[in-house]
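Chemist: Below you will find the structure I want to go over with you.
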Amino acid sequence: MDGGDMPPRRFFCRKGEEIMSAKLIKGAEVAKEIRAELKEEVQRIKEKYGVEPGLVTILVGENPASQSYVRAKQKAAHDLGFYSVQDNQPADISEEALLALIDKYNKDPKIDGILIQLPLPKHINENKVLYAIDPGKDVDAFHPFNVGKLMIGQPDYLPCTPAGIQELLIRSGTETSGAEVVVVGRSNIVGKPIAVMMMQKGPGANATVTVCHTRTKDVQFHTKRADILIVAAGVTEYVKGDWIKPGAVVIDVGVNEVGRTADGKRILKGDVAFDEAKEVASAITPVPGGVGPMTITMLMKNTVRACKVHNNIKE
Ligand SMILES: Nc1nc(=O)c2c([nH]1)NC[C@@H]1CN(c3ccc(C(=O)N[C@@H](CCC(=O)O)C(=O)O)cc3)C=[N+]21
């Protein structure tokens, strides 16, 4: 699926210096490993304590991409043996009714994690909704309380996509301490939190971080200096091969649907021009099969953690 099992192509870049095609950081495989670990943990918790992690995913409206993400989250929760609820609401649900729904799940002892799929319809104030989630059930870690705790290096929950990225860096053996990390994108969901996480103390971090965004004067100047380049720009194939320092590790957070196959499957491309980048980087995440599956896995991990906290399970 991630097209990565071709023999490495070799070519010569500078005098006699052999460059190989980049190693693929296969998020889909790492995600599978972690889910297998989580599944065992869920089993153990069920047997020993008689409780199961409970996750509700709330989807407002009928955006096809959102539907497909929510389906993937539900499937993952089901596969791990969670108690999982899919709550679909019409696009014209009032903000008041949505807040009431959140309150219901805040009070539901079977529910450990509440995920409200973003984006929400325009008539609903996203901030108001995110504030309404009980921070202890905020498995996305989007509530300002959890954002604040992350900022001071005391997170209860890590935001899922940044957590997945950090896990991939750790498991691929990438040295982060003292590394020049360049993040392209400043969203609240990816760019800002991953920048904060990479500069904290601790494993998979201790980096020097630069954040580029739409008002950055010379993005390439920065990306060319990166030992680790994290791209969450939301623009298809934005970063070209010659923007990358030879030997850099490239994390592509983009998920851009560029079309559909004859049988209706989504054709996805990242925010990095993969074919060029893989000839320059030492390691790179593919799209699909890179960061995306890790995001969902970290959501599962947060939900298991929430279940343990809610049931006073200390192991
Ligand atoms: N409250 C909230 N939490 C989120 O975590 C959240 C959200 N809203 N809104 C949208 C974004 C996007 N997102 C993705 C998750 C998994 C894949 C994923 O698994 N992608 C697969 C491909 C899936 C496909 O084929 O469509 C892959 O990259 O291999 C992608 C994107 C979570 N988000």
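Quick note: the sequence shown uses numbering that gives the first Met the number 0, first residue 0, plus one each step.
For each residue, glycine too, the CB sits at the ideal point set by N, CA and C.
This structure is a prediction, so every number in the text was calculated from the model and none was measured.
1) Identify the residues that DSSP records as bridge partners of residue 87: which are they?
2) Would you mind working out which of 90, 300, 168 and 188 sits nearest residue 40, comparing C-alpha positions?
3) Is residue 286 near ligand 1, in the sense that its beta carbon is under 7 Å from a heavy atom of that ligand?
4) Please report the distance separating the alpha-carbon of residue 308 from that of residue 139.
5) Nearest to residue 72 by alpha carbon, out of 112, 45, 51 and 181?
6) Between which two residues does the alpha helix (DSSP H) holding residue 78 run?
7) When DSSP builds the beta bridges, which residues end up paired with residue 228?
8) Is the closest heavy atom of ligand 1 to the C-beta of residue 231 under 7 Å?
9) State buried or exposed for residue 87, treating a residue as buried only when at least 16 other CB atoms are found within 10 Å of its CB.
10) Three-state secondary structure (DSSP) at residue 1?
11) Could you tell me which uninterrupted beta strand (DSSP E) segments, each at least 3 residues in length, are contained entirely in the region 138–223, listed from first to last along the chain?
12) Would you check if the distance between the CB atom of residue 148 and the CB atom of residue 137 is smaller than 8 Å?
13) Could you check if residue 51 is buried or exposed, using at least 16 other CB atoms within 10 Å of its CB as the buried criterion?
14) Would you say residue 295 touches ligand 1, meaning its beta carbon is less than 7 Å from a heavy atom?
15) What residue ranges within the region 273–309 form continuous alpha helix (DSSP H) runs of no fewer than 4 residues, ordered along the chain?
16) Taking 8 Å as the threshold (C-beta atoms), are residue 286 and residue 229 in contact?
Modeler: Quick answer:
1) 58
2) 300
3) yes
4) 16 Å
5) 112
6) 63–78
7) 181 and 249
8) no
9) exposed
10) Low local confidence applies: a pLDDT of 49 at residue 1 is under 50, so the model's placement there is unreliable, and no value is given.
11) 179–183 and 207–211
12) no
13) buried
14) yes
15) 273–276 and 290–309
16) no
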